[in-house]
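Its first residue numbered 1, the sequence shown is counted upward by one per residue in UniProt numbering.
Backbone N, C-alpha and C define an ideal beta-carbon position, used for all residues, glycine too.
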Amino acid sequence: MVSPAELPTAEVRDLPKDGVPLLDVREDDEWAAGHAPGAVHIPLGELPARVDELSELPDDQPVYVICRSGGRSARATAWLNASGWDAVNVAGGMGAWARESRPMVSENAGAEPEVI
């Protein structure tokens, strides 16, 4: 496994404003409360069984992996890279995404999107 210092990582502020191929590995309730539009949602524990769903993302650029704060996404990024994917951990996760005023949507009817 790759050490945290060697893990490909990107800051939210350095990501393109549009069209980021994003994999959100948070749990269902976290996703429902607020997530990036266009992200693919696969909870970390389900990733090995559902990795084929990443074919929905463009294959000409890395998959950026995000969670709430960066821990789960770091584990997912390490696993994906060891499995042959080009994956990059998003430092600070959805907390950083929200602080950078990036767009978010909620699955909860009428609720403002939030990071929980």
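Practice task
Check each candidate in Leu54, Ile116, Ala82, Leu80 and name the one with the smallest Cα separation from Gly95.
Solution key: Ile116
Exercise for the section: Please state if the CB of Ala91 and the CB of Ala32 are separated by a distance shorter than 8 Å. Expected result: no
Handout entry: Glu56 - containing beta strand (DSSP E), residue span
Key = That residue, Glu56, is in no beta strand (DSSP E); it is neither H nor E in DSSP.
Exercise for the section: Would you check if there are 3 or more beta carbon pairs closer than 8 Å linking the stretch 17-35 to the stretch 97-109? Expected result: yes
Problem - Start-end ranges of the beta strand (DSSP E) lying completely within the UniProt domain "Rhodanese" (16-106), minimum 3 residues - result: 22-24, 63-66, 87-91
Practice task
Reducing DSSP to helix, strand and coil, say where Glu6 ends up.
Solution key: helix
Problem - Proximal residues to Glu56 (C-beta, below 8 Å), its chain only, five neighbours per side dropped - result: Val40
Handout entry: Cβ-Cβ separation, Cys67 to Val12 (assumed contact under 8 Å), whole Å
Key = Wrong, their Cβ atoms sit about 13 Å apart, outside the cutoff.
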